[in-house]
Each structure stands twice: as structure tokens, then as C-alpha cells.
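Remarks on the structure that follows.
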Amino acid sequence: MKEHKASVILQSRKTEINKVEKLLFSLNELYGINQERFINFSIAVSEALMNAIVHGNKESEEKKVFVDIFSDETCLEVFIKDEGSGFDYASIPDPTTDENLMKDHGRGIYIMRELTDGCDCDSGSGGTTMKLVITKDS
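Take the working numbering: the final residue in the sequence shown is number 816, and no numbers are missing along the way.
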């Protein structure tokens with residue numbers, strides 16, 4: 679069973695992202711996950727936070743981003759929830775196809791998938807929740 683490690687509520691401002699980054703790095707002092715893997719994971723978490731703030735909440739002062747961190751002996755999970763109107767996760771185009779290579783947007787979800795051991799999305803009219811996972815080193 680996963681143990682709840684931390685909760686953070688952020689204002690919809692980009693400057694808030696560093697609060698979660700600092701928390702993650704302090705937690706990794708306990709877990710000792712390989713530095714390169716953990717930096718990649720933190721990049722994915724930062725991207726998810728940026729998406730929640732900019733795309734989900736539209737940087738609205740009235741909306742918040744909710745972060746919950748869980749862990750057990752095998753992994754660390756970060757849940758990021760915004761208060762936006764949601765989006766169709768299945769319709770996100772593949773940024774590696776020829777027609778999308780030169781676009782200046784659309785790589786965030788791809789980055790999250792590539793830099794984590796697990797990336798799930800639940801999105802609807804009540805907002806979007808991203809779940810990002812990194813497995814602990816054995």
C-alpha cells in the first residue's frame with residue numbers, strides 16, 4: 679500500500695513550480711534514486727505542473743494546482759491536478775511524426791511519457807489529473 683508523503687497546493691503561477699521541485703529532491707535524499715533518472719523525472723513533473731498552470735488553469739488567480747506524492751518500497755508517484763476544463767488525451771498528436779516535427783508546441787505529454795516509468799492522465803470537465811511514476815532503484 680502506498681504511503682502519502684506530501685501534499686502541496688500551488689497558485690496558478692509558474693514561479694510556484696520550484697516548491698515541488700525542492701520537495702521532490704529532498705524526498706529523493708531518502709530514496710537514493712539514480713541522479714540522472716531522478717532529474718529526468720523531475721523535468722517531467724515540472725512539465726506537468728507547467729501544463730496544469732498554463733493550459734489547464736490558464737494562469738487564473740482563482741484556480742489552484744493540487745499535488746500529492748505517494749510512495750512504497752517500489753516507486754514514487756506524483757499526482758498533479760488542475761481546475762481546468764479538461765482535454766482529450768487520446769487526441770494529442772505524436773510530436774515525432776514528420777508533420778509535427780517543426781511545430782513549436784505539443785511535446786509536453788511526450789516528454790512526460792519518455793522521462794518517467796509511468797504516465798497516466800484522467801481528464802474531464804472537472805480538470806485534469808496527471809500521474810507520474812518513477813520506480814526506485816533496486
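Backbone N, C-alpha and C fix where the C-beta goes; we use that ideal spot for every residue, glycine too.
- As assigned by DSSP and simplified to three states, the class of residue 734: helix
- Nearest residue (CA-CA) to residue 785, options 728, 709, 697 and 689: 728
- Give me the Cα-Cα distance between residue 705 and residue 684, rounded to the nearest whole angstrom. 10 Å
- Query: Span of the alpha helix (DSSP H) holding residue 697?
  - Reply: 695-709
- Query: What is the residue span of the alpha helix (DSSP H) that residue 719 lies within?
  - Reply: 713-729
- Specify, as a first and last residue, the run of the beta strand (DSSP E) that residue 787 falls within. Boundaries around residue 787 are those of the alpha helix (DSSP H), 786-793, since no beta strand (DSSP E) includes it.
- Task: Could you say if the segment 803-812 and the segment 753-760 meet the contact criterion of at least three C-beta pairs nearer than 8 Å?
- Result: By the Cβ criterion, the segment 803-812 is in contact with the segment 753-760, since at least three pairs of Cβ atoms, one from each stretch, lie closer than 8 Å.
- Beta carbon of residue 719, beta carbon of residue 812: below 8 Å? yes
- Considering only residues of the same chain and omitting the five flanking positions on each side of residue 790, which have a CB-CB separation below 8 Å? 722, 725, 726, 797, 808 and 810.
- By a C-beta neighbour count over all protein chains shown, 10 Å radius and 16 as the cutoff for buried, is residue 687 buried or exposed? So residue 687 ends up on the exposed side.
- Those residues which DSSP pairs with residue 748 across a bridge: 682 and 755, per the DSSP bridge assignment.
- Leaving out five residues on either side along the sequence, give the residues of the same chain with a beta carbon under 7 Å from the beta carbon of residue 680. Counting only residues of its own chain and dropping the five nearest sequence neighbours on each side, residue 680 has a CB closer than 7 Å to the CB of 748, 749, 750 and 755.
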